[in-house]
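See structure below.
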Amino acid sequence: MNSSNDSLAMQRITRLVDENSFIEIGSLVTARSTDFNLAATDTPSDGVITGHGLIDGNLVFIYSQDASVLNGTIGEMHAKKIAAVYDMAMKMGAPVIGFIDCAGVRLQESVDALDGFGLIYAKEVAASGVVPQISAVFGSCGGGLAVVPALSDFAFIEESKGKMFVNSPNAIDGNRIEKCDTSSAAFQADENGCIDATGTEDEILADIRELVGMLPLNNEGDVYTDECADDLNRACESMDAMKGDPRYLLSEISDSHTFFETKAGYARDMVTGFIKLNGMTVGAVANCTTVYDEEGKESEKFDNVLSAKGCEKAAEFVSFCDAFEIPVLTLTNVKGYKACKCSEKRLAKALAHLTSAFAGATCPKVNLITGEAYGTAYVAMNSKSIGADFVYAWPDAKVGMMDADLAVKIMYADASADELAEKAKEYDALQGSVMTAARRGYVDLIVDPADSPNRIFQKVEDMGAKPVGILLTHGHFDHIMAVQAVKAEYQIPVYACRQEEEMLREPSVNMTDRMHKPCSVRPDVFLEDLQVFEAAGFSIQMLHTPGHTKGSCCYYLKDERVLFSGDTLFCGSVGRTDFPGGSSREIRESLHKLLNALPDETNVYPGHDTSTTIGYEKRYNPFV
753 MNSSNDSLAM QRITRLVDEN SFIEIGSLVT ARSTDFNLAA TDTPSDGVIT GHGLIDGNLV
813 FIYSQDASVL NGTIGEMHAK KIAAVYDMAM KMGAPVIGFI DCAGVRLQES VDALDGFGLI
873 YAKEVAASGV VPQISAVFGS CGGGLAVVPA LSDFAFIEES KGKMFVNSPN AIDGNRIEKC
933 DTSSAAFQAD ENGCIDATGT EDEILADIRE LVGMLPLNNE GDVYTDECAD DLNRACESMD
993 AMKGDPRYLL SEISDSHTFF ETKAGYARDM VTGFIKLNGM TVGAVANCTT VYDEEGKESE
1053 KFDNVLSAKG CEKAAEFVSF CDAFEIPVLT LTNVKGYKAC KCSEKRLAKA LAHLTSAFAG
1113 ATCPKVNLIT GEAYGTAYVA MNSKSIGADF VYAWPDAKVG MMDADLAVKI MYADASADEL
1173 AEKAKEYDAL QGSVMTAARR GYVDLIVDPA DSPNRIFQKV EDMGAKPVGI LLTHGHFDHI
1233 MAVQAVKAEY QIPVYACRQE EEMLREPSVN MTDRMHKPCS VRPDVFLEDL QVFEAAGFSI
1293 QMLHTPGHTK GSCCYYLKDE RVLFSGDTLF CGSVGRTDFP GGSSREIRES LHKLLNALPD
1353 ETNVYPGHDT STTIGYEKRY NPFV
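Per my numbering, the sequence shown starts with residue 753, numbered consecutively.
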């Protein structure tokens, strides 16, 4: 610490950062204006302390407004200091943290102060999606200053002294502060959607430290990871019973039960926040029907429907995760839309924002259906149809257009009660079953709520299937990390293309070392291009299709008219070529090889995303 300043503004910084890590910048700056006796007024640091420090060893840039200097008001030099902090943060790739305690615009500086407000706004907009921005309101934050925490990615407010408002409560027609304090922490957290959490100063500082420890420092693609000491295979036996409260579910599946909830008081029917999975930070979005108190008793209930506020909250969160390449996990339990006048005013636009956020996000996206997944409300909740990379579902999940009873009442309006009951049973089996969705490729895997490997193995057996071999299309981490466990459980051989031997063997090449779980696979059978072999009563031909990796391959079952294309061919696309061993030229050549050799009616099942046909790809794939 290189400053002798002992103001409350400096104390807040000292309590936030690692000991003796803060370096103040611009401590000698004072107000430049001399109008209205400012020349005779001492303005140390012009009312804002700026600099950089460390949080758990991570670089952060900080500004803290000093209310003891002209009430913390923003003037020309005050604003330029904050702008300079943003410039340095973006250059260094580090988060910006702002402590707000300010009476607003400095009247003595008029247009210069107004320009300062605009300068701060512009820097926040420029930093959006580049470095994380965190604000904490510790005193007054009124008028145009309320834009500052609203532009931040995350905002906190002190529960008793913090005041945030555009118009003061008494300036609102028909309102009085004693009637409704619209500036209070509670109102701002629960009603306006800008505030992530309230608390004491110490609680907020602790929250900021925890949040910084979970977020990437910038948008360069380095998702925050740390060592995981938790048992990744532990069973979570009570998940099914508690599925209404995603806060509990997310805490259960997260490393060491870590869950950092964002905007906890706002739109409580939708939960957003961060968890850890094997040391990696993952963003979570979840429908909520029940809130349990500390004693495990129900304290709140919600319908499993999408509201306008919930959609807006989720869309904003997904967009942040996408900007910083944070994977997104969705827990879906939704059957429709909130039906009230207040929500209806904004619902269509909010749904559009949510759909756009999920569909446009290029970060990894996984969906777990825990209950109902009905209608277009489900489609908007990170369904495979709008781009989910992988969709899991619990065995009792319902996936379809609507509840079976309601559907048959519409289709058979004149039927008797017995007929309706019979038709509902039929509709549920044919159109509302999770198995039906899985058979059509909209659900990738049905998993037990406890979600342990042993239970997944048991589920395979329950379905009447017995694996006889493992066919590897290539050696990337997301295709091989379970190979050894499955092989050991069922005592079955592993097949792979000869050219993929090195990738399968070397963790640094197959990228499992990046997952902190180095994995080396040694196949029992290496196959040559066009080689035909027998497995499970099928005649299978291996087709070497390099491009995604050097040894990428597909498996063709001629008699069944089926191709398992791995990551070579997707519906309307091809696999990535920017990983080790990838080649854009080779993957195009492989695509042409498949399309020229196989019949149009061949059904194609890629390693990710929806199924397709060879005929469809001939007509519509842009890489042809």
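By construction, the Cβ of each residue, glycine as well, lies at the ideal position given by its N, Cα and C atoms.
Handout entry: Classification of Cys1305 by the beta-carbon crowding that lies within 10 angstroms, buried from 16 upward
Key = The residue in question, Cys1305, is buried, as its Cβ has 16 or more Cβ neighbours within 10 Å.
Practice task
Could you pull out every residue in the same chain whose Cβ sits closer than 7 angstroms to the Cβ of Glu1064, ignoring the five residues on either side in sequence?
Solution key: Annotation for Glu1064: Gly945, Ala1102 and His1105 place their beta carbon closer than 7 angstroms to its own, counting only its chain and skipping 5 residues before and after.
Practice task
Quick one: residues in its chain with C-beta nearer than 8 angstroms to the C-beta of Leu903, no 5 flanking neighbours on either side, listed in chain order?
Solution key: Closer than 8 angstroms at Cβ, skipping near neighbours: Tyr873, Glu876, Val877, Ser880 and Gln885.
Problem - Euclidean distance between Cα positions of Leu1081 and Ala938 - result: So the two alpha carbons sit approximately 29 angstroms from each other.
Practice task
Determine the contact status of Ile1121 and Asn1085, defining contact as a CB-CB distance below 9 angstroms.
Solution key: Going by beta carbons, Ile1121 and Asn1085 fall inside the 9 angstroms limit.
Handout entry: Residues bridged to Leu1315 [DSSP beta-bridge criterion]
Key = Partner(s): Tyr1308 and Val1356.
Problem - For Lys1239, the three-state DSSP class (helix, strand or coil) - result: Residue state, collapsed to three classes: helix.
Exercise for the section: Sort out for me which residues DSSP pairs His804 with in a bridge. Expected result: Per DSSP, the beta-bridge partners of His804 are Ile775 and Phe813.
Exercise for the section: Report back the beta-carbon spacing between Phe851 and Ser797 to the nearest angstrom; my notes put them in contact at under 8 angstroms. Expected result: Not confirmed; about 13 angstroms, so no contact.
Practice task
Could you give the DSSP three-state label for Gln763: helix, strand or coil?
Solution key: It is helical.
Practice task
For Asn1039, write down the residues that DSSP places opposite it in a beta bridge.
Solution key: Residue pairing by DSSP puts Asn1039 in a beta bridge opposite Met1022.
Handout entry: Own chain, CB closer than 6 angstroms to Phe1209, minus 5 neighbours either side, in chain order
Key = Residue confidence for Phe1209 is low, a pLDDT of 43 falling below 50, so the modelled location carries little weight; the figure read from the coordinates is stated next. Closer than 6 angstroms at the Cβ level, and outside the excluded window around Phe1209, lie Glu1241.
Practice task
Below 6 angstroms CB to CB, which residues in the same chain sit around Asp1281 once its five sequence neighbours on both sides are set aside?
Solution key: His1296, listed in sequence order.
Practice task
From the DSSP output, in three-state form, read off Lys1345 for me.
Solution key: Residue state for Lys1345 is assigned as helix, using DSSP reduced to three classes.
Practice task
Grab the span of the beta strand (DSSP E) containing Met1294 for me, first residue to last.
Solution key: Bounds of the beta strand (DSSP E) holding Met1294 are Phe1290 to His1296.
Practice task
Using beta-carbon positions only, say whether Ser779 and Asn757 come within less than 9 angstroms of one another.
Solution key: Closer than 9 angstroms, so yes.
Exercise for the section: Taking 8 angstroms as the threshold, find out whether the stretch 904–912 comes into contact with the stretch 828–841 through three or more Cβ pairs. Expected result: Using a C-beta cut-off of 8 angstroms, the stretch 904–912 makes no contact with the stretch 828–841, since fewer than three inter-stretch Cβ pairs fall below that distance.
Practice task
Rank Gly1127, Asn1030, Leu1158 and Thr825 by C-alpha distance to the C-alpha of Gly1152 and give the top, closest one.
Solution key: Closest by alpha carbon: Gly1127.
Practice task
Return the Cβ separation of Ser892 and Asp818 in integer angstroms, given the expectation that the two are a contact with Cβ distance under 8 angstroms.
Solution key: A Cβ-Cβ distance of about 13 angstroms is found for the pair Ser892 and Asp818, leaving them out of contact under the 8 angstroms criterion.
Practice task
Report all residues from its chain with a CB closer than 7 angstroms to the CB of Ala1349; omit the five preceding and five following residues, and keep chain order.
Solution key: Closer than 7 angstroms at the Cβ level, and outside the excluded window around Ala1349, lies no residue.
Handout entry: Inter-residue spacing [alpha-carbon to alpha-carbon] between Thr1301 and Gly1333
Key = About 5 angstroms.
Handout entry: Cβ pair count under 8 angstroms reaching 3, the stretch 912–925 against the stretch 958–974
Key = Judged by Cβ distances under 8 angstroms, the stretch 912–925 makes no contact with the stretch 958–974, as fewer than three pairs qualify.
Exercise for the section: Please report the residue range of the alpha helix (DSSP H) in which Ile1244 lies. Expected result: In the DSSP annotation of this structure, Ile1244 is not part of any alpha helix (DSSP H), being labelled neither H nor E.
Handout entry: Environment of Met1215 [buried if 16+ CB atoms lie within 10 Å]
Key = Because the pLDDT at Met1215 is just 46, under 50, the model does not fix this residue reliably, and the value given afterwards should be weighed accordingly. Counting the other Cβ atoms within 10 Å of the Cβ of Met1215 gives fewer than 16, which makes it exposed.
Problem - Cβ neighbours of His1009 in the same chain (closer than 8 angstroms, five flanking residues each side left out) - result: Counting only residues of its own chain and dropping the five nearest sequence neighbours on each side, His1009 has a CB closer than 8 angstroms to the CB of Ser1003.
Handout entry: Host beta strand (DSSP E) of Asn1119 (start-end)
Key = For Asn1119, the enclosing beta strand (DSSP E) has its first and last residue at Lys1117 to Tyr1126.
Practice task
Compare the beta carbon distance of Gly1048 and Gly1035 with 9 angstroms and say whether it is the shorter of the two.
Solution key: Going by C-beta atoms, Gly1048 is not nearer than 9 angstroms to Gly1035.
Practice task
Identify which residue in Asn1056, Ile834 and Val812 has its Cα closest to the Cα of Ile801.
Solution key: Taking only the C-alpha atoms, the option nearest Ile801 is Ile834.
Exercise for the section: To the nearest angstrom, report how far apart Lys1211 and Pro1147 are at their CA atoms. Expected result: With a pLDDT of 40 at Lys1211, under the threshold of 50, the modelled position of this residue cannot be trusted, and the question is left open.
Exercise for the section: Ignoring anything shorter than 3 residues or poking outside the stretch 869–893, list the beta strand (DSSP E) runs there in chain order. Expected result: DSSP assignment within the stretch 869–893 yields the following whole beta strand (DSSP E) runs of 3 residues or more, N-terminal first: 885–889.
Handout entry: Limits of the unbroken alpha helix (DSSP H) element including Gly965
Key = Segment Glu953 to Met966, the alpha helix (DSSP H) holding Gly965.
Problem - Glu1213 classed as buried or exposed, judged by whether at least 16 other C-beta atoms fall within 10 angstroms - result: Low confidence applies here, because Glu1213 scores a pLDDT of 48, under 50, leaving its location unreliable; read the following figure in that light. Around the Cβ of Glu1213, a 10 Å sphere holds fewer than 16 other Cβ atoms; the residue is exposed.
Practice task
Pair every Cβ in the stretch 1162–1173 with every Cβ in the stretch 1220–1229, then say whether three or more of these pairs are closer than 8 angstroms.
Solution key: With contact defined as three or more Cβ pairs closer than 8 angstroms, the stretch 1162–1173 and the stretch 1220–1229 are not in contact.
Problem - Same chain only: Cβ atoms within 6 angstroms of Ala1019, ignoring 5 sequence neighbours per side - result: Listed in chain order, the non-local C-beta contacts of Ala1019 below 6 angstroms within the same chain comprise Lys1061, Gly1062 and Lys1065, local neighbours out to five positions each way being set aside.
Handout entry: Of the residues Ala846, Met842 and Ala898, the one placed nearest Cys854, counting alpha carbons only
Key = Cys854 has its Cα closest to that of Ala898, out of Ala846, Met842 and Ala898.
Problem - CA-to-CA distance, Ser1006 to Ile1078, given in whole angstroms - result: One alpha carbon belongs to Ile1078, the other to Ser1006, and they sit about 15 angstroms apart.
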